[in-house]
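The next block holds one structure in the form of structure tokens; read it before the comments.
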Amino acid sequence: MTKKILIVLTAGILAGLFIMPEVVYDKTGLLMDVGLCLLLFFVGIDLGGNKDIFKNLKSVGFKILIVPAATIIGSLIGGIVCSIIFKLDIFGSLAIASGMSWYTLSAIIITPISSQLGAVAFLTNVFREVLAFVSIPFIAKHIGYLETIGAGAAISMDTGLPMITKNTNQEVAVISFISGVIISLAVTVLVPIFVGMIN
Amino acid sequence: MALRIVMYFGLLAVGWLLRSKGLINEKLTGKISHIQTVILFGLIFIMGVRLGMDEQVVSSIGQIGVMAAAFAIVTSGFSILLVYLSRKRFFKGEGFTGGKND
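Chains A and G supply the protein sequences, listed in that same order.
Taking the working numbering, the leading residue of the first sequence gets 3, the next gets one more, and so forth.
Taking the working numbering, the leading residue of the second sequence gets 121, the next gets one more, and so forth.
Okay, structure coming up:
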């Protein structure tokens, strides 16, 4: 699965670099939205086939909040570690880490304060999204199902959800969606807060 | 953002309701996994096209790529580590572990 994903992704990047005319770029947003909506609809159909999912989730209870909380705290610790490695302003580093795969939003908020940090934020979260796509099959197979949500972070509710569903199970897919929603909401709050604290 | 979240929930709910009420043709339900794979690869290809066509991404990769790659690996790694530790502490069962490290 991972090899196929890398091949398809590489083919897409090469097509974007060398083949596709400029006009295609504007249409890709709509195509991704339509594809995503179709996927979510089919994920819903998949979920509807298993009547025990919500019964099982009920038994998990409030613990469902633990996964997004661990993902967010983990990202922030990573941000602090990177600020030490690269001798960056700690709040700038935390702002980058708070993007949690949502590269469009974090870069847009950070760039007016520092274009360099904005560019790092953009690429960091692009890389993190690609890294999630590539690593989710490996993580699901060798580490554990819930950990795939830690890799996907904000994309666990949309573009990463089909990948997580494909490699885990329906219970984890529901936790993934809810975690992705919570993490995405956290991005909209945390990035502006840390940007406001940059020296 | 709020509208998108509502739409995503709505699509999941409509699909779930249709299937749970038995309104989806059995032939279609048998092909769902295949359809999902095809759409998924389509989405990944389009994402690649977007990355390849985005001048901001292409032009800045050489300049700050190493720093961004390190940020991506470290933040993702710590998130996975904390979810792993939380799962070991709070979640039991093969449904969450995938049969590993239970």
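By construction, the Cβ of each residue, glycine as well, lies at the ideal position given by its N, Cα and C atoms.
- Counting along the chain, no alpha helix (DSSP H) covers residue 171 (chain A), and no H or E run does either.
- Three or more Cβ pairs closer than 8 Å define a contact, and the region 82 to 92 of chain A falls short of that threshold against the region 170 to 181 of chain A.
- In this structure, the beta-carbon distance from residue 73 (chain A) to residue 152 (chain A) falls below 8 Å.
- Using a Cβ-Cβ cut-off of 8 Å, residue 134 (chain G) counts as an interface residue toward chain A, since at least one Cβ of chain A sits closer than that to its own.
- Contact with chain G is found for residue 179 (chain A), since one of that chain's Cβ atoms lies less than 8 Å from the residue's Cβ.
- The CB of residue 160 (chain G) comes closer than 8 Å to the CB of 41, 164, 165, 168 in chain A, given here in chain order.
- In chain order, 33, 34, 37, 38, 41, 161, 164 make up the part of chain A whose C-beta sits under 9 Å from the C-beta of residue 163 (chain G).
- For the pair of segments examined, the region 127 to 136 of chain G was found not to touch the region 125 to 133 of chain A: the number of CB pairs separated by less than 8 Å stays below three.
- Within the same chain, Cβ atoms closer than 7 Å to the Cβ of residue 126 (chain A) are found at 98, 101, the five residues on either side in sequence being excluded.
- Listed along chain A are 15, 18, 128, each with a C-beta nearer than 7 Å to that of residue 171 (chain G).
- The Cβ neighbour count for residue 67 (chain A), taken over all protein chains shown within 10 Å, is under 16; the residue is labelled exposed.
- Taking a Cβ-Cβ cut-off of 7 Å, the neighbours of residue 68 (chain A) in chain G comprise 206, 210, given in sequence order.
- A straight-line Cα-Cα distance of about 17 Å links residue 116 (chain A) and residue 192 (chain A).
- The Cβ atoms of residue 147 (chain A) and residue 157 (chain G) lie no closer than 8 Å to each other.
- The alpha-carbon separation between residue 78 (chain A) and residue 196 (chain G) amounts to approximately 10 Å.
- When C-beta atoms of the region 151 to 169 of chain G are compared with those of the region 6 to 19 of chain A, three or more pairs fall below 8 Å, so the two segments count as touching.
- The beta carbons of residue 136 (chain G) and residue 120 (chain A) sit about 39 Å from each other, so the pair does not count as a contact at 8 Å.
- Within the same chain, and ignoring the five residues on either side of residue 70 (chain A) in sequence, the residues whose Cβ sits closer than 7 Å to its Cβ are 181, 184, 185.
- Excluding five sequence positions before and after residue 171 (chain G), the CB atoms of its chain that fall closer than 7 Å to its own CB belong to 177, given in chain order.
- Only residues of its own chain outside the window of five on either side were considered, and among them 144 have a CB closer than 6 Å to the CB of residue 138 (chain G), listed in chain order.
- Among the residues of chain A, those whose CB is under 7 Å from the CB of residue 131 (chain G) are 39, 42, 43, 46, following chain order.
- Here the alpha carbon of residue 155 (chain G) sits roughly 20 Å from the alpha carbon of residue 136 (chain A).
- Against chain A, a Cβ distance below 7 Å from residue 194 (chain G) picks out 80, 83, 84.
- Neighbours of residue 123 (chain G) in chain A, taken as residues at a C-beta separation under 7 Å, are lacking, since the least C-beta distance is about 12 Å.
- With a cutoff of 8 Å on beta-carbon distance, residue 48 (chain A) and residue 159 (chain G) are scored as not near each other.
- Sequence-distant Cβ neighbours of residue 194 (chain A) in its own chain, meaning closer than 8 Å and more than five residues away, are 111.
- At a Cβ-Cβ threshold of 8 Å, residue 155 (chain A) and residue 103 (chain A) count as neighbours.
- Contact annotation, residue 76 (chain A) with residue 95 (chain A): C-beta distance approximately 14 Å; criterion of less than 8 Å not satisfied.
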